[in-house]
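Residue numbers (my numbering), protein chains in the order written: chain W, 21 to 377; chain P, 21 to 377; chain A, 21 to 377; chain Z, 21 to 377.
Here a beta-carbon is modelled for each residue, glycine too, at the ideal position from N, C-alpha and C.
Structure first, commentary second.
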C-alpha cells in the first residue's frame with residue numbers, strides 16, 4: 021500500500037521542491053497538495069512543468085483531509101504548522117515541519133523571535149514531542165523520539181532545521197563537539213558570514229526580490245543579531261557545547277537562485293596541538309565518516325555551491341590561519357534541498373523505516 | 021592643448037573601463053592605447069562598441085611612444101609598470117599604476133608576495149618616489165608628493181590601491197584612526213569577509229571564469245592569508261594604527277560582473293563609551309564629511325553593490341552588536357571604477373590640477 | 021537660469037534612469053520628482069544610492085506643481101499623461117511622455133489596444149499636437165512640430181517610442197524607406213523576434229518577475245500579435261512604407277536586467293540587385309551617416325547588448341541569406357536608455373535648443 | 021552482471037552530465053571515464069562534487085580499454101568518435117556518439133560542414149550502420165536498426181541529435197509530417213529563431229564565454245545559414261517532408277547556463293481548415309500522445325526553459341496568427357539533458373532492452 025503524503029504549502033519554493041523530489045518515488049502517493057492561494061486550481065496549472073505528470077488539485081488546508089495522510093510536510097510560513105500538528109500526531113499522522121514552529125523546545129525564545137504566543141495546551145504539549153532533527157548530527161535522538169512516539173501510538177513530529185542553520189551546524193559541530201574533551205576554541209569568537217541564493221526568500225511577490233533588484237548585486241541583511249536563524253543556531257550550539265553560546269550570524273543575498281555558503285570563523289589557542297590544519301581535518305573527517313552526504317574536500321580545494329546544486333550533499337573545507345590563530349570552516353549546500361526539502365525527506369525516511377506501511 | 025593620455029593594457033577589463041570613462045572627457049587625448057595581444061588591430065575591432073567613436077590602433081608597449089604622453093596609466097598584470105615607470109617619471113611623464121608594482125614601499129613584502137626581484141637601481145629609486153594613493157584617506161600626502169615631484173621636475177608616480185583594499189580601507193580607516201586617541205578596538209580581531217564580482221579576475225580565458233562555472237555559484241578562494249591584498253591591507257592598517265596589524269582577509273567570487281562588498285568585523289570593548297552605534301556613526305560621518313563620493317547610509321539600510329554600480333561612490337554602513345561587543349562595518353563599491361579605473365582618474369585629476377597643461 | 025524639470029513616475033525604473041542621467045547635467049534643476057507610492061518620502065530614502073546627492077521629497081502628481089516646470093517627463097503607466105498634458109502644453113510646459121498615451125494619432129487604435137477612452141475634448145485636441153519622436157528617423161517632423169508649437173505659444177508634446185519599437189524601427193527603417201524607390205522586399209514577410217531584459221517589465225512586485233523565476237530561464241510572451249508594441253510598429257511602418265504593414269512581433273524575456281536585441285526577418289526578391297549584403301550595408305550606412313549614436317557593425321561581427329549597456333547607442337548588423345533570399349537585420353540597444361530615458365533626453369535637447377531659457 | 025559503460029570526453033559539460041545521470045543508476049558500472057586533458061587525475065579531483073562517490077581515474081582514449089565496455093558514449097568534439105566506432109561496433113560494443121560524426125548518412129554534407137574527410141573504408145561502412153536517433157520521432161527505425169545489428173552480431177551505432185536540432189525537430193515534426201497528407205504549410209518559409217544557454221558552448225576556456233562577457237548580454241551568432249545544425253535540420257526535415265527543405269536557423273547566446281528555446285515560424289494557407297489553433301493543437305497532441313516526456317502546454321501558457329531544467333522533458337506551445345497566417349511553434353528543453361546526455365540515455369535504454377546483459 022502506498023504511503024499517503026500531504027504537503028501543506030505546496031506552491032511555495034520549498035513545497036515545489038518537495039513535489040519535485042517525491043513525485044517519482046516508489047511507494048508514495050502525493051495525496052494532498054495544499055495551497056491557500058491556488059485552491060481549486062490544478063497543480064499543473066500553477067506549475068505547468070508538471071503537465072501530464074501531476075493531476076492533483078490544490079486544496080485548502082483542512083484537518084479532515086490531512087488526517088487521511090500518513091505523513092504531512094508543512095512547507096508553510098511560520099505559525100501554520102502549530103495549528104494542525106497537535107491533532108495530526110494525536111491521530112498518528114507524522115508531521116515534518118519545515119517552518120520554525122517546532123524548532124524551539126524553549127517557547128520563550130520562539131515567542132520572542134517569532135511573535136507567536138502558543139496558548140493551546142495541546143500545542144504546548146506537542147512541542148515537547150517534537151524533535152529538532154538534523155540526521156547527520158542527532159540521528160540517535162531522532163530515532164529515540166521515533167521509538168517513543170511509536171510506543172505512545174502518536175505520530176512523530178519533526179522540526180526541520182533552517183537552511184542557514186543546517187549549513188552552519190554541519191560546518192561547526194565536529195569541532196565544537198570535539199572541543200568539549202580538550203578545549204582549544206574560543207567559543208566567544210564565533211562569526212558565521214553566510215551567503216544565500218534568492219530562493220531562500222520564498223515565492224512572495226516583493227520588490228526587493230525582483231530580478232532587476234537582485235541581479236548584479238550583493239547585499240547583507242539583518243546583521244548584528246537580527247536574523248531569526250541566530251537563536252536557532254545559538255540554541256543548538258549551546259546544547260552541544262554545554263554552555264551558552266552567542267554568535268554573530270551575518271546573512272547576505274547573492275544573485276543566484278540556489279545555494280548557501282557559510283564562512284565560519286573561530287579563534288583557536290595558538291599552542292594547542294589541535295590547532296593544526298591536519299588535526300582539524302581529522303576531527304571533521306572522522307565525524308562524518310559514516311555519512312554518505314557530507315564530505316570534507318581535499319586540501320587546497322575551495323567549495324562551490326554549484327557543486328551541490330540539485331543534491332542533498334554538503335561539502336566542507338577547513339583551514340587554519342597560523343598568523344591569526346583562526347580556524348575558518350566553510351560549508352556549501354543546496355538551500356532548497358539539503359537546507360529544506362531534501363533534509364525533510366531524509367527525516368521522512370527515518371520515520372517510514374520505523375513505521376513500515 | 022590636450023593632455024596626452026596613455027593606457028598600457030588597454031584591452032583588459034580595467035583598461036577598457038579607463039577608456040570608457042576617459043573617451044568623452046574634455047581636454048584629453050587618448051593618445052596611446054597599448055595591447056600586446058591585439059597589437060595592430062583597431063581598438064574598435066577588439067571592442068566593437070566603440071565603432072565610430074575611437075579610431076586608435078592598439079600599440080605594442082614602447083618607451084619612446086609612452087614618453088610622448090603627459091600621463092600614462094598601467095592597467096597591466098603585475099611586473100610591467102616597473103619596467104617603464106622609472107624612465108617615464110624621469111622624463112616628466114606622470115604614471116598611475118593600477119597593478120601592485122608601486123603599492124609597497126617595502127620591497128621585501130613586494131618580492132615575497134609577488135615574486136619579482138627589483139634589481140634596476142633606477143626602479144628601486146622610483147619606488148621611493150611612488151605614493152600609495154587613496155584620495156579620501158591620504159590626499160594630503162598625495163598632494164605633498166605631487167609638489168615634491170614637481171620641484172624635482174619629475175613625473176608623479178602613483179600606486180593605485182587594489183579593489184578589495186579600497187573597499188576595506190574606506191570601511192575601517194575612520195574607526196582605526198579614531199582608535200588611536202582613545203583605544204576601544206581589539207586590533208587583533210579584524211576579519212574582512214569580502215565578496216567580488218567576476219570582472220575582478222580579468223579578461224584572461226580560464227576555465228574557472230567561464231559563465232557556466234561562475235553562474236549560480238559562490239565560492240571562497242585564497243582564504244587564511246593567501247590573497248595578495250592581505251599584505252597591502254596589513255601594510256596600510258599598520259601604518260595608520262602605528263602598530264603591526266594582522267588580519268583575516270577572505271575573498272569570495274560572486275556570480276555578477278561588477279561590485280565588491282566587504283563585511284568587516286572587529287571586537288570592541290564592551291564598556292567603552294565609543295562602543296555605541298551612534299558614536300560609531302558620528303566618527304565615520306565626520307571622517308567623510310568633506311568627501312563627495314563616500315557616504316554613510318542612514319540607519320537600518322543595508323548597502324547593495326547595485327547602488328554604486330557604474331559610479332565612483334562608496335556606501336558604508338556600521339552596526340554594533342551589543343550581544344557580542346562586535347562592530348560590523350560594510351562598504352560597497354564598483355570594483356572596476358572606485359576600485360580601479362575611477363579612483364585612478366581621481367588621482368589623475370589631482371595631478372593635472374597641479375600640472376596644468 | 022536653470023531649466024525646471026519634472027519627472028512624473030520618478031520611482032519606477034524609467035524614472036530612476038531619467039534621474040540618473042539628468043542629476044549631474046548642467047543647466048537643469050530636478051524640480052519635481054513625482055511618486056504616488058512614495059509621496060512624502062525622500063527620494064534618497066527610496067533609492068539610497070543618491071544619499072548626499074539628491075535632496076528631493078517625492079511628491080504627489082499635482083497640476084499646479086507641474087505647471088511650474090519648464091519640461092515634464094511622464095515615466096508613468098499608460099493613462100496618466102493624458103490627464104495632465106493638455107493643461108501643461110496649454111500653459112507652455114513641454115511634455116515628453118514615455119508611456120503610450122501620445123504615440124497614436126489614431127485614437128481608435130489607442131483605445132482598442134490600451135482600453136482607454138479619451139473623452140476630454142482638450143485631450144483629443146492635444147493628441148493632434150503630439151509628435152511621435154524618434155530623432156534618428158523623423159527629426160525633421162519633430163523640429164517642425166517644435167516650431168509650430170512655439171508659434172502657437174504652446175508647449176511641445178512628445179510621444180516617446182516604446183523600447184522594442186525603437187530597436188525595431190532603427191533596424192528596419194533604412195531598408196523599408198529605400199524599398200519605396202525600387203521594390204525588392206516582401207512587406208508581408210516581416211517577423212521581429214525580440215529579446216528584452218527584465219527591467220522592461222517595470223518595478224511592480226509580481227511573482228513572474230522574481231529573481232528565482234527569471235534567472236536561468238528564457239520565455240516568449242504575447243506571441244502572435246498580442247503585444248502592444250505591435251500596433252505601434254505597424255502604425256510606424258505603414259506610414260513610412262505608405263501601405264498597410266502587418267507583422268509578427270515576438271517578444272521574449274531574457275535573464276538579464278538591461279538590453280534589447282531584435283532579430284528581424286524579411287524576404288527579398290532573389291534577383292534584385294539590391295539583394296546583396298554589400299548593397300544592404302550601403303543603404304543602412306548611408307541612412308545613419310550623420311547620426312552619432314547609430315552604427316552599422318563591421319561585417320562578420322555579431323551585436324551584443326552588453327556593448328550598448330549604459331549608453332544611448334544602437335548597433336546594427338545586416339546579413340543576407342542567399343539560400344533563402346532572406347534579409348536578417350539585428351539591432352541592440354539599452355532598453356532603459358536608448359529605448360526610454362536616453363531617447364527622451366535627446367528629445368528634450370531638441371526642444372530646449374529651440375526654446376532657450 | 022553490471023553493464024560496463026564507457027564515457028569518452030567525460031570531463032566536458034556533456035560528459036559531466038552523463039556521469040551525473042548515470043552514477044546512481046542500478047545495473048551500470050561506470051567502467052571507463054576518458055579525458056585527454058586530465059589523464060591520470062582522479063575524476064573527483066577534476067569535479068570535487070563527486071568526492072566520496074566516484075573513484076575513477078581519468079583515462080586516455082584507448083581502443084583496448086573501450087572494447088571492454090558494453091556501451092560507449094562519445095561526448096567529444098567532432099572527429100573523435102569515427103576513429104574508434106568502427107572497431108567498437110565490430111567487437112559488439114554499442115556506441116552512442118553525441119558529436120556530429122554519425123549524424124549524416126550523406127558524407128558529403130558531413131565533409132562540407134565539418135571539414136573532415138572520411139577515408140577509412142571501415143568507417144565509411146560503419147556510417148551505414150549508424151542511425152540518427154531521436155526516440156520520440158523515429159523510434160521504429162531505431163528499433164529496426166538495433167534488431168539488424170543484433171542479427172549481424174555487431175554493436176549498435178547511434179548518432180545522437182544536436183541540442184538545437186532536438187528542440188527544433190520536436191517542435192516542427194508533427195506539423196510537417198501531417199502536412200504531407202493535405203498540404204497547408206509553406207515549406208519555404210521556415211525560420212527557427214533559437215536561444216541557448218552558455219553550457220552549449222562547452223567547457224573550453226575562451227574569452228567570449230567568460231562570465232563577464234556572457235552575463236547581462238544577448239547576442240546572435242552564425243546567422244544566415246552558418247551554424248552547423250542547419251544542415252542537420254535540413255537533412256532531417258527534407259527526409260520527413262520528402263522534398264528539399266531549406267531554412268533559416270538563427271542561434272542566440274543567452275546569459276544562463278542551461279536551456280534551449282526555439283521559436284519557429286512557418287506560413288500557413290489562410291483558408292485551410294487546418295490553419296486554426298485548435299486543429300494545430302490536435303495534430304501535435306495526437307503526435308505525442310504516447311510520449312511521456314513531450315507535452316503540449318495548455319492554451320495561453322508560454323513555455324519557460326526553467327520548467328524543463330534538470331529534466332528530460334520537452335514542452336511545446338503552438339499559436340496561429342490569423343492576421344499574418346503564420347504558425348508559431350515554441351519548444352523548450354534542457355540542452356544538456358534532452359538535448360544531449362538525457363536523450364543519449366534514452367537511446368541507451370532502447371539498446372540495453374534489446375541486448376539484456
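8 Å Cβ cutoff, residue i in contact with chain Z
{"i": "residue 176/P", "result": "no"}
{"i": "residue 215/A", "result": "yes"}
{"i": "residue 281/A", "result": "yes"}
{"i": "residue 245/A", "result": "yes"}
Per-residue DSSP class, three states only, for residue i
{"i": "residue 39/A", "result": "helix"}
{"i": "residue 120/Z", "result": "coil"}
{"i": "residue 114/W", "result": "strand"}
{"i": "residue 321/Z", "result": "coil"}
{"i": "residue 160/P", "result": "helix"}
{"i": "residue 34/W", "result": "helix"}
{"i": "residue 203/Z", "result": "coil"}
Buried versus exposed call for residue i [16 or more other C-beta atoms within 10 Å across all chains shown]
{"i": "residue 168/W", "result": "exposed"}
{"i": "residue 312/A", "result": "exposed"}
{"i": "residue 49/A", "result": "exposed"}
{"i": "residue 96/Z", "result": "buried"}
{"i": "residue 333/Z", "result": "buried"}
{"i": "residue 209/P", "result": "buried"}
{"i": "residue 21/A", "result": "exposed"}
Presumed contact (8 Å Cβ cut-off) between residue i and residue j, rounded CB distance
{"i": "residue 284/W", "j": "residue 323/W", "result": "Not quite, the Cβ-Cβ distance comes to about 12 Å (not below 8 Å), so this is no contact."}
{"i": "residue 54/Z", "j": "residue 77/Z", "result": "In fact, because the Cβ distance is near 11 Å, the residues do not count as touching under 8 Å."}
{"i": "residue 189/Z", "j": "residue 267/Z", "result": "Not really, about 12 Å apart at Cβ, beyond 8 Å."}
{"i": "residue 372/W", "j": "residue 23/W", "result": "6 Å"}
{"i": "residue 321/Z", "j": "residue 68/W", "result": "5 Å"}
{"i": "residue 34/A", "j": "residue 356/A", "result": "7 Å"}
Cβ of residue i within 8 Å of any chain A Cβ
{"i": "residue 18/W", "result": "No statement about residue 18/W is possible, as the shown extent of chain W runs from 21 to 377 and does not include it."}
{"i": "residue 270/Z", "result": "yes"}
{"i": "residue 56/Z", "result": "no"}
Short CB-CB distance (under 8 Å) between residue i and chain W
{"i": "residue 318/Z", "result": "yes"}
Interface flag, residue i vs chain P, CB-CB below 8 Å
{"i": "residue 229/A", "result": "no"}
{"i": "residue 33/Z", "result": "yes"}
{"i": "residue 69/A", "result": "yes"}
Curious, which full-length alpha helix (DSSP H) runs of at least 4 residues does the region 207 to 268 of chain A contain?
Segments of the alpha helix (DSSP H) lying fully in the region 207 to 268 of chain A: 231 to 234, 249 to 261.
Within the region 44 to 115 of chain P, note down every full alpha helix (DSSP H) run reaching 4 residues or more, in order along the chain.
If we require 4 residues or more, the alpha helix (DSSP H) runs fully inside the region 44 to 115 of chain P come out as 63 to 66, 83 to 86, 101 to 110.
Please give the ranges of any alpha helix (DSSP H) in the region 270 to 294 of chain Z, keeping only runs that are unbroken, at least 4 residues long and fully inside the region.
Restricting attention to alpha helix (DSSP H) runs no shorter than 4 residues, the region 270 to 294 of chain Z encloses none.
Considering only residues of the region 129 to 198 of chain A, which uninterrupted alpha helix (DSSP H) runs meet the minimum length of 4 residues and lie entirely inside it, listed in chain order?
If we require 4 residues or more, the alpha helix (DSSP H) runs fully inside the region 129 to 198 of chain A come out as 141 to 149, 155 to 171.
In chain order, each alpha helix (DSSP H) run of at least 4 residues that lies wholly inside the region 311 to 375 of chain P
Segments of the alpha helix (DSSP H) lying fully in the region 311 to 375 of chain P: 362 to 374.
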